[in-house]
Amino acid sequence: MWFDIDPSLSMPIYQQLVHGVKEAVARGVLVAGDRIPTVRELASHIMINPNTIAKAYQRLEQEGIIVTMRSRGSFIAENLPASSREEGRQAIAGLLDKVMIEAFHRGVDAEEIKSLVQERLKKWEQERGSR
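Just so you know, we're using my numbering here: the sequence shown kicks off at 58 and counts up by one.
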């Protein structure tokens with residue numbers, strides 16, 4: 058399976074599933090047009106309440122990550138809507154602000170942050186390129 062669910066984490070299971078699908082798409086494990094399991098299929102496979110999976114799928118659909126077609130199933134969306142991209146930029150900017158605050162309190166300076174970001178981007182590109 059393209060994600061891990063850990064009931065012992067403080068993160069709710071539906072959020073773990075949302076994160077797992079988003080990560081699989083970002084890493085190229087799931088691509089536009091790929092069919093994902095139905096709520097029932099996934100619930101029986103990972104032994105999770107179908108309502109939890111339905112909640113995750115609803116969130117993924119709201120975010121434009123998946124599309125659901127009646128009697129055909131759910132699929133990875135072709136493209137994110139432009140409005141989602143702008144909202145995404147704003148969300149990432151907020152996350153970066155939090156990273157910078159944390160870095161300040163841990164004594165990590167701006168050059169180290171830049172270096173870390175470059176290292177992580179390089180690793181990310183290598184991993185995506187190997188798929």
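The beta carbon of each residue, even a glycine, is placed where N, CA and C say it ideally should be.
- Per DSSP, reduced to three states, the secondary structure at Gly90 is coil, with no helix or strand assignment.
- CA-CA distance, Pro64 to Ser131, rounds to 24 Å.
- Using a C-beta cut-off of 8 Å, the segment 111–130 makes no contact with the segment 149–163, since fewer than three inter-stretch Cβ pairs fall below that distance.
- Using a Cβ distance threshold of 8 Å, Val86 and Ile122 do not count as a contacting pair.
- Rounded to whole angstroms, the gap between the alpha carbons of Asp166 and Leu173 is 11 Å.
- Here Ala113 is buried, its C-beta having at least 16 other C-beta atoms within 10 Å.
- DSSP links Thr125 through a beta bridge to Ser131.
- In the structure shown, the three-state DSSP call for Ser101 is helix.
- If you check the CB distance, Arg146 and Arg84 do not come in under 8 Å.
- Taking the CA atoms as reference points, Glu98 sits about 25 Å from Ser67.
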